[in-house]
Structure formats: structure tokens, C-alpha cells
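> For the sequence shown, the working numbering assigns the number -17 to the initial residue and increments by one for each residue that follows.
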Amino acid sequence: MRTLRLDGQGQARVAEAPEPVPASGEVRIRTRMSALCGSELSTYRGSGLETGNSGHEAMGVVEALGPGVTRVQVGQRVGVSAVAGCGRADCDACRRGQSTWCPRRRGYGSMHAEAFLAAETACLPVPEDLPDAEAVLVTGDGLGVPYHTSLKLDADTDTVAVFGLGPVGLGSVLLQSYLGRRVIAVDLQTRRLELAAGLGAAECVEAARHDPVEAINRLTEGRGVDAAVEAAGVPATVHQCFRVVRNGGLVLFNGEQPRVELSPSEDFIRRDVRAVGSWFYHVGEFPAMLRLWREGLPVGRLITDVLAFDQAPDALALFAAGETGKVLLQYGD
Ligand SMILES: [Zn+2]
Ligand SMILES: [Zn+2]
-17 MRTLRLDGQG
-7 QARVAEAPEP
3 VPASGEVRIR
13 TRMSALCGSE
23 LSTYRGSGLE
33 TGNSGHEAMG
43 VVEALGPGVT
53 RVQVGQRVGV
63 SAVAGCGRAD
73 CDACRRGQST
83 WCPRRRGYGS
93 MHAEAFLAAE
103 TACLPVPEDL
113 PDAEAVLVTG
123 DGLGVPYHTS
133 LKLDADTDTV
143 AVFGLGPVGL
153 GSVLLQSYLG
163 RRVIAVDLQT
173 RRLELAAGLG
183 AAECVEAARH
193 DPVEAINRLT
203 EGRGVDAAVE
213 AAGVPATVHQ
223 CFRVVRNGGL
233 VLFNGEQPRV
243 ELSPSEDFIR
253 RDVRAVGSWF
263 YHVGEFPAML
273 RLWREGLPVG
283 RLITDVLAFD
293 QAPDALALFA
303 AGETGKVLLQ
313 YGD
């Protein structure tokens, strides 16, 4: 089969590799669609990978079962979570569907390939009427991260600022707007602000030209936002998030980043501000994500580009330029 290789320093190529063989509890899936994620860019731009690739959002058709697999059948169309819980009946986290909190959780990758492996516990059955392109988002972190993040917002949240409009930030713009909240989108790139406006952002702040703290202060008449989502992954926007939330407001961390200095007194105590982290999503959240799609959440609007797998190196270069939404790779016809 063919797979994507990341050679480092922004170099990628499609190469031959042996078909992966599913171990106990695993299945092999013939890929129909995979999606590029912002978290892959540091590997792509940096030292690359000796083996496999960083792809971790994909869907396709199950074609081989490892020993002991009972939950999935050959021929089934599935999407996958890249983080798999152990699925054991005596695991508290897995019993509650909280796969990323499983102490024996495992990560899977190498999904930019004509076939890939997944744990049976991470396979999410795709209904017939959900198209491949949307299925990869509804079963993966494309919708999963914005959904998991959304669960942490207070029910009475009216105004949300989203800092950083990569695919994760854009997903929050789409979901929060769909839920009827006023979204203020912040990014350096004009193109990504245009995408955010198209996904329902009420206001867009071009951080290259305007101080986001001043702009949001003005837009909220000095009150501040109920919640600020940090999806840029840089210390400067962390500080901005704390400065734009109202007293008693919530800062939400999505973006992985280095250490940041915060002041308990200034940032938290004297303004009753709260901050929480949000990582990935749980397989137990899939039914609710699917329901949102069924009810009309236009998740496909996050996709700006679909390229054939042959053109994966071009797709990565396009995505790395920072002006797209979700970029998908299509396999077969
Ligand atoms: Zn991802
Ligand atoms: Zn478990």
C-alpha cells in the first residue's frame, strides 16, 4: 500500500509500505478519507518521522480483524478516535465512555495511508447517510475538540471570544455560533477571519492591526466576554484571554504551548476568573456529536480543500501556509 512519509523541514512524499497487520483488539481499515490537523505541523516542519506519519483523523471500511475483536465487523464503515481506551469492563473511565481518561489509553497514527490500524474500542460506526468527508470530522477531532470544549462552557454563556482560527478555533466558531452564542473571532490572518465570518462569527478582530484586548473591550462595552477559548497556542494570547473575560468568566485552554506566567491575584482571585483545560474528546461523546450533525450543524463548512491522496505533499504545504480551514485527503475514486 501507499503511505505518507514526513522527511522533516517541510518535506513529504508518498511511499510504499507493507500493509499493517492488526494485533489483538485491533482492526485494519481501508481508508476513504483522512484529515490534516494543526497538531501535525510541528512534526512536518521539524524533524519529521522515522516511520509512519502524523495522520490521526480518518475514516474508511473495516477490512481485517485482529484476534479477539467482537465489536466491529468486516465491511463496516467507521471513523476512529486516535486515542483508544482499553475498553475493559473493570475500567471506570472506559465504562463511562471517557476514553482519553483511561489509564491504559493508547494513541494511534499513520492514518494518511491507504490502510491504517485502529483499536476496536476507538471505532465509531458511520451511518449510511453521513458522507465520507463529514464523517471524518464528526467521528474525529475536527468536531470532537470543539464539542468537548463546548461541554465545559457554562449553560448561560452568551459571548465567546475565540483566539486562533486554525481548524480547532474555526470549529469552535462554527459550533458556538450554531448554539446561538455571540462569537468574537481573533486571528492575525485576514483569510482565516473571513472563514470565521462565513462560519457565523458575529465580529472578527484582526490582531495584526488592532489590539484584541481593546477591540473586545469596545465590542462588549467594557464588560468583557463570558468565555475566552485559547486555540492559538501562544503565551501572548493566553494573557489576552485573561484580560478579555468578564469578572467570573472562564478561560479555556485548547492550544498546547510552553510555560506561561500567570498571577493568581491579578488573573484569578480578584476577578473570580476560572480557567480549564480541554483535551481531545471522549468516544462516549460521539452519539451527541452525531446528533448535532443530524439536527443541522453544518460541519462540512469547515472543509476548504479536498485533495487526492497522490497530492498529499501539496495538501500539507497548502495547510501549512495557514490560510485554509480543514484540508482532507481522499483515497480511491
Ligand atoms: Zn488532531
Ligand atoms: Zn480503560
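Even for Gly, the Cβ is constructed at its ideal location relative to N, Cα and C.
Could you pull the DSSP bridge partners for K134 from this structure?
Looking at the DSSP assignment, K134 forms no beta bridge with any residue, so it has no partner.
> Three or more C-beta pairs under 8 Å: does that hold for the stretch 68 to 87 against the stretch 23 to 35?
Touching, no, given that fewer than three Cβ pairs across the two stretches are closer than 8 Å.
> Would R10 and A97 qualify as a contact pair, given that the criterion is a beta-carbon distance under 8 Å?
For R10 and A97, yes; Cβs fall inside 8 Å.
> Have a look at D138, V120, T139, P149 and flag the residue whose alpha-carbon is nearest the alpha-carbon of V60.
For V60, the nearest C-alpha among the options comes from V120.
> Could you tell me if the beta carbon of S92 falls within a distance shorter than 7 Å of some heavy atom in ligand 1?
Checking the Cβ of S92 against ligand 1 gives no.
> Could you give the C-beta distance for V150 and V127, rounded to a whole number, given that I count them as a contact under 8 Å?
At roughly 5 Å, the Cβ-Cβ gap stays under 8 Å, so V150 and V127 are in contact.
> Considering only C-alpha positions, which residue in the set R86, D111, E110 is nearest to T103?
Ranking the options by Cα distance to T103, first place goes to R86.
> In angstroms with no decimal places, state the Cα-to-Cα distance between L201 and P4.
Those two C-alpha atoms are separated by around 54 Å.
> Could you tell me the distance, in whole angstroms, from the CA atom of V168 to the CA atom of E277?
Going by the C-alpha atoms only, they are around 28 Å apart.
> DSSP three-state call for L177: helix, strand or coil?
The answer is helix: DSSP assigns L177 an H, G or I state.
> Need the endpoints of the beta strand (DSSP E) that Q239 sits in, please.
Neither: Q239 is in no beta strand (DSSP E) and is coded neither H nor E.
> So is D123 buried or exposed if we call it buried at 16+ other beta carbons inside 10 Å?
Buried, by the Cβ-count rule.
> Quick one: give me the first and last residue of the alpha helix (DSSP H) that V144 is part of.
From DSSP, V144 is part of no alpha helix (DSSP H) but of the beta strand (DSSP E) over 141 to 145.
> How many angstroms separate the CA atom of C223 from the CA atom of A(-1)?
Computed Cα separation, rounded: 45 Å.
> Return yes when the Cβ of A290 is within less than 8 Å of the Cβ of V309, no when it is not.
Contact: no.
> Work out the CA separation of Q(-7) and A184 for me, nearest whole Å.
If I take the Cα positions, the gap works out to 38 Å.
> If we require 4 or more residues per run, which alpha helix (DSSP H) segments fall completely within the stretch -8 to 68?
Entirely contained in the stretch -8 to 68, the alpha helix (DSSP H) runs reaching 4 residues are, in chain order, 23 to 27.
> Rounded C-beta distance between V165 and V144? I'm assuming under 8 Å.
The pair is a contact, with the Cβ atoms about 6 Å apart (cut-off 8 Å).
> Per DSSP, Q222 is paired with what?
Its beta-bridge partners do not exist; DSSP assigns none.
> Classify A209 as buried or exposed, calling it buried when 16 or more other Cβ atoms lie within 10 Å of its own Cβ.
A209 comes out buried.
> What does a CB cutoff of less than 7 Å around Q239 pick up in its chain, not counting 5 residues either side in sequence?
Here the set comprises G215, V216, P217.
> Do L147 and L232 have their C-beta atoms within less than 8 Å of each other?
Going by C-beta atoms, L147 is not nearer than 8 Å to L232.
> Between which two residues does the beta strand (DSSP E) carrying L201 extend?
Looking at the DSSP string, L201 is not in any beta strand (DSSP E); the run it does join, the alpha helix (DSSP H), is 194 to 201.
> Relative to the alpha-carbon of G79, which residue among R283, D292, P269 has its alpha-carbon at the smallest distance?
It is P269 whose Cα lies nearest to the Cα of G79.
> Determine the burial state of I251: buried for a count of at least 16 other Cβ atoms within 10 Å of its Cβ, exposed for fewer.
Burial call: exposed.
> Should N236 and V211 be called a contact, given that it needs their Cβ atoms to be closer than 8 Å?
Yes, Cβ-Cβ distance for N236 and V211 is below 8 Å.
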